[in-house]
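Enquirer: The sequence shown begins at 85 in the numbering used here and counts up one residue at a time.
Glycine included, each C-beta is placed from N, C-alpha and C at the ideal position.
Shown below is the structure under consideration.
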Amino acid sequence: MLTAVQIVTLELAAQIRAKENAVWESAKQRDMHRFADLVADDARMVFVSGVMTKQEYMQEASARTIT
85 MLTAVQIVTL
95 ELAAQIRAKE
105 NAVWESAKQR
115 DMHRFADLVA
125 DDARMVFVSG
135 VMTKQEYMQE
145 ASARTIT
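Written as structure tokens, this is what we have:
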């Protein structure tokens with residue numbers, strides 16, 4: 085039997101995964117309106133090429149390919 089804390093943790097983890105997947109899908113589809121709604125204004129995106137702010141990413145999204 086799971087404790088209340090374990091249940092909340094599992095539910096929170098599922099919510100985080102769902103939001104992360106939604107962010108990636110919006111980025112793959114280049115849906116910057118949806119991306120802007122999902123991502124905090126002070127967010128940072130970390131890539132092999134470096135770190136970008138939300139605004140920087142949105143400005144360069146058309147040049148990126150996400151598979």
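(1) Is the beta carbon of A120 sitting closer than 8 Å to the one on M136?
(2) Decide if V123 is buried, meaning its Cβ has at least 16 other Cβ atoms within 10 Å, or exposed.
(3) Measuring alpha carbon to alpha carbon, tell me which of D125, V92, Q139, R148 ends up nearest V132.
(4) Between which two residues does the alpha helix (DSSP H) containing T93 stretch?
(5) Give me, in chain order, the residues of the same chain whose beta-carbon lies closer than 6 Å to that of I150; leave out the 5 immediate sequence neighbours on both sides.
Expert: Concretely, from the data shown:
(1) As a position in the sequence shown, residue 120 is number 36, starting the count at 1. As a position in the sequence shown, residue 136 is number 52, starting the count at 1. No, these two residues do not count as a Cβ contact at 8 Å.
(2) Locating residue 123 in the sequence shown gives position 39, counting from the first residue. Buried, by the Cβ-count rule.
(3) Taking the sequence shown and counting its residues from 1, one reaches residue 132 at position 48. Answer by Cα proximity: R148.
(4) Indexing the sequence shown from 1 puts residue 93 at position 9. For T93, the enclosing alpha helix (DSSP H) has its first and last residue at 88-112.
(5) Translated into the one-based positions of the sequence shown, residue 150 becomes position 66. For I150, same chain residues with a beta-carbon under 6 Å away, outside a window of 5 residues either side, are A111, K112 in chain order.
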